[in-house]
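Quick notes on the structure that follows.
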Amino acid sequence: MFCRAGVTGLSAWTLQPQWIQVRNMATLKDITRRLKSIKNIQKITKSMKMVAAAKYARAERELKPARIYGLGSLALYEKADIKVPEDKKKHLLIGVSSDRGLCGAIHSSIAKQMKSEVATLTAAGKEVMLVGVGDKIRGILYRTHSDQFLVAFKEVGRKPPTFGDASVIALELLNSGYEFDEGSIIFNRFRSVISYKTEEKPIFSLNTIASAAEMIDKLTLTFNRTRQAVITKELIEIISGAAALD
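Throughout the sequence shown, residue numbering follows the working numbering, covering -12 to 233 in sequence.
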C-alpha cells in the first residue's frame, strides 16, 4: 500500500502540461544566451580597462608640464583690472564634456551643475544661454533646455587640445551675435585618481567588471537550479512510467 501510494503521488506529479516542460527548456536557453553575452561584455570591459590605463598614463605625462602654463595664464587674468558691469543680466554657461560615454559621471555631473546654475540665475531674473562642448552634454541638456542652447561643439579633444582649438570655439561664440555680460565655464577639474572618481575610464571599467562577475554568478546559480528542476522532473517521469508498466 505504501509503495502504491508513493507511485500514485509520482504519477500525479508528472501530469503536467507539455508547455511547462517546453518553458523550462526555453528558460535554460535564455539563461545560457545571457551568460554568453555577459561574459563577452566582461572581456570587452577588461580590454577597455587596459587601453584606458595606457591612455591615462600618457595623458598624465602630457598634463604635468602643461599645467604650469595654464596656471600662469589664469593668474594673469585674475589680476587684470577689468570693469565688470554692475547689472549683469545676460549670462553664458559653457559646459565641457566629451563626445563618448563609458566614463562614469563625467557628463551627468556637468549637466547637473549647469541645470542648477540655470535654475538659480533664472530665479534671479537673469537671461541664461548655454553652450555645450561635447556631444554628450548637448544630448543631455537639449531635451530640457533646447530654447536656451546657443551653440554646441563636437570632435573637441579627440587629439591633445591646442590653442587653435580654443580659438575656434571663442571665435564661434563672438560671431554668434549674443552679447553676454558674464560667462562661466563648467568642467571637471582633475585632482588625482583617489580624490576624483568621475573623470577616468578605468573607474567605470572596474565597476562594470565587478557587476558582470556578480551577474554571471547569479545567472549561473539560476541556470543550475533550473537545470536541476528539469532533471528532477524527467527522473520522476521515468520512475512513474516504469511503475505504471509494472
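From the three backbone atoms N, C-alpha and C, an ideal C-beta is built for every residue, glycine too.
Bear in mind that the values here come from a model prediction, so they are computed numbers and not experimental data.
Phe174: not part of any alpha helix (DSSP H); DSSP gives it neither H nor E. Separation of Leu232 and Leu22 (C-alpha to C-alpha, rounded to the nearest whole angstrom) is 41 angstroms.
Pairing Tyr43 with Asn175, the inter-Cα distance amounts to about 15 angstroms. Less than 7 angstroms divides the Cβ of Glu169 from the Cβ of His78. Burial of Thr32 is indicated by the presence of at least 16 other C-beta atoms within 10 angstroms of its C-beta.
Sorting Ser171, Glu114, Glu159 and Lys146 by C-alpha distance to the C-alpha of Asp86 places Lys146 at the top.
Along the length of the region 61 to 130, whole beta strand (DSSP E) runs at least 3 residues long occupy 77 to 83 and 114 to 120, reported in chain order. With respect to Ile173, Gln100 sits close: the two C-beta atoms are nearer than 7 angstroms. The continuous alpha helix (DSSP H) containing Val155 extends over residues Phe150 to Leu161. In the assembly as shown, Leu128 is a buried residue. Its beta-carbon has 16 or more other beta-carbons within 10 Å. Here Asp134 is exposed. Its C-beta has fewer than 16 other C-beta atoms within 10 Å. In the three-state DSSP reduction, Val217 falls in the helix class (H, G or I). As DSSP reads the structure, Val138 sits in a beta bridge with Val118.
By the neighbour-count criterion, in which a residue is buried when 16 or more other Cβ atoms sit within 10 angstroms of its Cβ, Met37 is exposed.
In chain order, Val105 and Leu117 place their CB closer than 7 angstroms to the CB of His132, counting only its own chain and leaving out the 5 sequence neighbours on each side. Classified as exposed, Lys205 has fewer than 16 neighbouring CB atoms from the shown chains inside 10 Å of its CB.
For Leu108, the number of other beta carbons within 10 angstroms of its own is at least 16, and it is reported as buried. Distance from Val120 to Leu80 at the Cβ level is roughly 11 angstroms; contact not present, criterion being Cβ atoms closer than 8 angstroms. A direct Cα-to-Cα measurement between Ala62 and Arg54 gives close to 12 angstroms. Here Ile218 is exposed. Its C-beta has fewer than 16 other C-beta atoms within 10 Å.
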